[in-house]
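I have placed the structure first, in the form of structure tokens, so that the comments after it can refer back to it.
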Amino acid sequence: MVDPYKSWLDAGVAEAMGALALEDLAKPDWETHPPFKYFLRAMERLGGAATLLDAGCGVGHYSEVLARRYPRVRYTGFDFSPHMVDEARRLWPGREFFVADMVGHDYAGHDVVLASSLIEVMGDWARGSEALCQTLTGKLVLHRVRVHGGPTVRNDTTGYPGQPTYTHVHNERELLNFYEERGLSAVWREYWTEHPQATYIFEKA
Numbered sequence: 150m151v152d153p154y155k156s157w158l159d160a161g162v163a164e165a166m167g168a169l170a171l172e173d174l175a176k177p178d179w180e181t182h183p184p185f186k187y188f189l190r191a192m193e194r195l196g197g198a199a200t201l202l203d204a205g206c207g208v209g210h211y212s213e214v215l216a217r218r219y220p221r222v223r224y225t226g227f228d229f230s231p232h233m234v235d236e237a238r239r240l241w242p243g244r245e246f247f248v249a250d251m252v253g254h255d256y257a258g259h260d261v262v263l264a265s266s267l268i269e270v271m272g273d274w275a276r277g278s279e280a281l282c283q284t285l286t287g288k289l290v291l292h293r294v295r296v297h298g299g300p301t302v303r304n305d306t307t308g309y310p311g312q313p314t315y316t317h318v319h320n321e322r323e324l325l326n327f328y329e330e331r332g333l334s335a336v337w338r339e340y341w342t343e344h345p346q347a348t349y350i351f352e353k354a
């Protein structure tokens, strides 16, 4: 049986995500696309940021969002999937992408760390977040987080392109407690009107 989390390592998934990213960014109203819209709203509140590390960058499409609206912010992205990183380098040549795992990574030295659609698809998201909480020196933008008032659940689903995957829907209070217990406080949040998701900015308490 295929581990749904490992499906993100598939070359076809990276190719499909790259095509979708280009399609979304080519639209005249691309800024109204919810993932981009709420990310840009978070960036508005981080006006002095000079560097951003995209943890679990996928195909690197947020590098293009930044280049269009915040070109002075230096972007770096990493992903555990070599195929995702290869696709990011193909789509956005000249930008910095590398292969690494979230577990054990050092997040110090960046004004902003972006984690978009990351803890939803990680099997052990808490373990993956430990190093981030320990080494973060700037702000954390936790983006595209599925939250509700009920218990945290894992939903098995189908991802790109037809691969098995899953998403976690987090109890919001439990999620905030996790970060607060590790010294991070949510200083801003916005709930999406289009989908049951949210975007947060955390900083060291």
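Numbering of the sequence shown is given in the working numbering, commencing with residue 150 and proceeding in unit increments. C-beta: ideal position from N, C-alpha, C; glycine also. This one's a predicted model, so the numbers in the text were calculated from it and none came from an experiment.
Sequence-distant partners of Glu343 (beyond 5 residues in either direction) whose C-beta falls short of 8 Å from its own C-beta, in its chain, are Pro183. Around the beta carbon of Gln283, fewer than 16 other beta carbons sit within 10 angstroms, so the residue counts as exposed.
DSSP, read as helix, strand or coil, puts Thr284 in helix. With respect to the 8 Å criterion, Arg194 and Ile350 are classified as neighbours on the basis of their beta carbons. Classified as exposed, Asp250 has fewer than 16 neighbouring CB atoms from the shown chains inside 10 Å of its CB.
Between Phe246 and Arg238, the CB-CB gap stays under 8 Å. Bounds of the alpha helix (DSSP H) holding Gly161 are 160–175.
Closest in C-alpha terms to Gly209, from the list Leu171, Ser156, Lys353, Leu158, comes Leu171.
Assigned with DSSP and collapsed to three states, Val261 falls in strand.
DSSP places Phe351 inside the beta strand (DSSP E), whose first and last residues are 346–353. In terms of CA proximity to Gly287, Gly332 leads the group Arg322, Val294, Ala275, Gly332.
Between the stretch 259–268 and the stretch 197–209, the count of Cβ pairs shorter than 8 Å is three or higher; the stretches touch. Checking the DSSP bridge columns, you'll see Asp228 partnered with Val248.
Between Tyr187 and His292, the gap from beta carbon to beta carbon is short of 8 Å. Non-local C-beta neighbours of Arg244 in its own chain, meaning closer than 7 Å and more than five positions away in sequence, comprise Gly209, Ser212, Tyr224, ordered along the chain.
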